[in-house]
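Numbering (this note's numbering), first residue to last: 3 to 652.
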């Protein structure tokens, strides 16, 4: 218990270090607003209501087109008609199922087709023109799509997953009772309802490209698992081949909904996912030029019975979570090259340096709730992994703006988790613990930290041609503290690194690679910038306030209970002044460094620490420096280019 209270008090002093900070070495990322995405949203919304017309069309022979499909599929429709005004062939009440099971499949209220090239589709379905790029449809509209019979599919998947889990347990344990328990109790689940629907979809300018599938077997020595894993690998290859063979100008869906009601161990569980709009533009064989999702919602709800050790039901624990994102975007995703290699079962050549890109993702306002209580919100966020050299990323950037945590809501969330039923451990939140939590929230409210507002960013860069690299992270807690770290160094470039990595990885020499790495790495610069925005004063005051919550017999915090924030801050300041006399004898420059840190703690303002040697330092330079400082410690200042500077509040 003593260690717990000591931790609580120290955490109160250092709380700013966890919650976030603001960049100085890079500008803050551009916030995403509704206005910034208005043009894209308007573009995709227009596709929804567009009255498309294509001249010179004739009625499509639907039955002939259906005849081209695999015999395993059964397709029926109520009516097919040609609209001469728009040039569309429309099918009403379309139903697609497996030929041997009409209880599972898709239902489409209306399917509208423009510019479908029957001859091109017939050729591809018959195995002809597989090496050609062929436009096959100008526009496709799908209204009222619904999947049915999905409960049956999930029951089959659930039964299969149970068998796999039991097999794993059987391999790991000889306890037959445990196996029975898993199969009959812990793994029990049933599906009452499962719905998936899309209000409307619009697809334009559909083109098929050369078919590149080359099924390959996995090189696995374990024959027992090889067959199953190879089947999975072949599915992945086929999906990649389809992905690489298709392109569209636009693919947009509206009013997407997925709902599930089920029971797990007789406990009800429901989940609802929905999207107002999901649109993509310039989709080309695995590449996506731009995509946007509007109105993303996720609600899950379950009720757990809390059972005492004697088997008596005490109460129900509700676990309802909600999340919402107003919109998020993606652009410049490049996965076509990787799709091709997977489809052909080939590893990308090292000369294919412009192979892939995960793109740039940005999101707008979002929030999360637990049991109808606000937990978390973000004004905007971004993730950029758009630059690769072969399979190695050259840039990783991520960040959030105006991120807020509701500490009271988080405490309630974790207390609920701790109260969840467990056969091995019965944990009860005591009234004293609840009171401590409530009092802690009041302290945070007193210092405007009950809902801290945070900016955060992190970036990593590596230049494949030169090896120049940097790493940075930054955070800013509003009205509390800001922190910024940046490091620059030389790492091995791509050519040098690959020279030590053979194509056959079984012959990879780890020691040779490590030796190369140590020879190429060199330190260039390190910078830390801290800015007090009221956090130091609040931190010391919170330490005293939190100490008052500790029991009187807790000696670990007795001193803090009987002091003041001013005295505590002076003690921290003097902790850097006291050793100055001894430091001056062995390392004279250190006195000024200690004084700067002491001034920062006592006065606030900002503190900047820079290590910037005149030239990059490799491992041999550091070894030489280690010998030099034995006789001349002050030499480290010039060699490393060190400086520690405190700046008062303006």
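Just so you know, even glycine gets a beta-carbon here, dropped at the ideal spot from N, CA and C.
Cα-Cα separation, residue i to residue j
{"i": "residue 292", "j": "residue 359", "result": "13 angstroms"}
{"i": "residue 651", "j": "residue 608", "result": "7 angstroms"}
{"i": "residue 124", "j": "residue 67", "result": "8 angstroms"}
{"i": "residue 367", "j": "residue 324", "result": "14 angstroms"}
{"i": "residue 275", "j": "residue 373", "result": "17 angstroms"}
{"i": "residue 574", "j": "residue 631", "result": "29 angstroms"}
{"i": "residue 132", "j": "residue 216", "result": "13 angstroms"}
{"i": "residue 258", "j": "residue 48", "result": "18 angstroms"}
{"i": "residue 89", "j": "residue 459", "result": "52 angstroms"}
{"i": "residue 463", "j": "residue 361", "result": "15 angstroms"}
{"i": "residue 473", "j": "residue 454", "result": "26 angstroms"}
{"i": "residue 273", "j": "residue 106", "result": "21 angstroms"}
{"i": "residue 27", "j": "residue 594", "result": "Its pLDDT being 37, under 50, residue 27 is placed unreliably in this model, and the coordinates cannot settle the point."}
{"i": "residue 643", "j": "residue 395", "result": "31 angstroms"}
{"i": "residue 628", "j": "residue 637", "result": "10 angstroms"}
{"i": "residue 280", "j": "residue 92", "result": "24 angstroms"}
{"i": "residue 505", "j": "residue 263", "result": "50 angstroms"}
{"i": "residue 138", "j": "residue 94", "result": "21 angstroms"}
{"i": "residue 639", "j": "residue 294", "result": "52 angstroms"}
{"i": "residue 196", "j": "residue 467", "result": "52 angstroms"}
{"i": "residue 403", "j": "residue 297", "result": "19 angstroms"}
{"i": "residue 104", "j": "residue 75", "result": "10 angstroms"}
{"i": "residue 414", "j": "residue 436", "result": "10 angstroms"}
Anticipated Cβ contact below 8 angstroms, residue i with residue j, distance rounded
{"i": "residue 392", "j": "residue 354", "result": "6 angstroms"}
{"i": "residue 456", "j": "residue 475", "result": "The Cβ separation is near 13 angstroms, so there is no contact."}
{"i": "residue 365", "j": "residue 379", "result": "About 12 angstroms; that fails the 8 angstroms criterion."}
{"i": "residue 547", "j": "residue 445", "result": "5 angstroms"}
{"i": "residue 442", "j": "residue 538", "result": "Not really, about 20 angstroms apart at Cβ, beyond 8 angstroms."}
{"i": "residue 210", "j": "residue 344", "result": "Not a contact, Cβ separation roughly 19 angstroms."}
{"i": "residue 579", "j": "residue 598", "result": "Rounded, the Cβ-Cβ distance is 12 angstroms, inconsistent with contact."}
{"i": "residue 619", "j": "residue 524", "result": "6 angstroms"}
{"i": "residue 78", "j": "residue 53", "result": "The pair is not a contact, with the Cβ atoms about 28 angstroms apart (cut-off 8 angstroms)."}
{"i": "residue 417", "j": "residue 438", "result": "In fact, because the Cβ distance is near 11 angstroms, the residues do not count as touching under 8 angstroms."}
{"i": "residue 522", "j": "residue 567", "result": "The Cβ separation is near 50 angstroms, so there is no contact."}
{"i": "residue 246", "j": "residue 341", "result": "4 angstroms"}
Residue i - DSSP class collapsed to helix/strand/coil
{"i": "residue 334", "result": "strand"}
{"i": "residue 489", "result": "strand"}
{"i": "residue 503", "result": "coil"}
{"i": "residue 226", "result": "helix"}
{"i": "residue 474", "result": "strand"}
{"i": "residue 221", "result": "coil"}
{"i": "residue 339", "result": "helix"}
{"i": "residue 641", "result": "helix"}
{"i": "residue 443", "result": "helix"}
{"i": "residue 450", "result": "coil"}
{"i": "residue 236", "result": "helix"}
{"i": "residue 609", "result": "strand"}
{"i": "residue 634", "result": "coil"}
{"i": "residue 215", "result": "coil"}
{"i": "residue 467", "result": "coil"}
{"i": "residue 13", "result": "Any answer about residue 13 is weak, because its pLDDT of 35 lies below 50 and its placement is not dependable; what the coordinates show is given next. The answer is helix: DSSP assigns residue 13 an H, G or I state."}
{"i": "residue 2", "result": "Outside the shown range of the chain (3 to 652) lies residue 2, about which nothing can therefore be said."}
{"i": "residue 46", "result": "helix"}
{"i": "residue 651", "result": "coil"}
{"i": "residue 303", "result": "strand"}
{"i": "residue 207", "result": "strand"}
{"i": "residue 457", "result": "strand"}
{"i": "residue 495", "result": "coil"}
{"i": "residue 268", "result": "coil"}
{"i": "residue 193", "result": "strand"}
{"i": "residue 624", "result": "helix"}
{"i": "residue 511", "result": "coil"}
The region 111-131 / the region 141-149 touching (three or more Cβ pairs under 8 angstroms): yes
Restricting to runs no shorter than 4 residues, where is the alpha helix (DSSP H) found entirely within the region 50-135? 64-69, 120-127
Would you call the region 252-260 in contact with the region 198-216, where contact means no fewer than 3 C-beta pairs closer than 8 angstroms? yes
Under 8 angstroms, with one C-beta from each stretch per pair, do the region 518-530 and the region 611-630 reach the 3-pair mark? yes
Using 8 angstroms as the threshold, is the region 294-304 in touch with the region 232-244, meaning 3 or more CB pairs across them? no
So, does the region 575-583 touch the region 480-494, judging by three or more C-beta pairs under 8 angstroms? no
Complete runs of the alpha helix (DSSP H) confined to the region 344-431 [at least 4 residues]: 409-420
At least three beta-carbon pairs within less than 8 angstroms, the region 556-567 to the region 496-505: no
Restricting to runs no shorter than 4 residues, where is the alpha helix (DSSP H) found entirely within the region 541-606? 560-563, 567-579, 582-588, 591-605
Unbroken stretches of the beta strand (DSSP E), 3 residues or longer, contained in the region 517-541: 524-534
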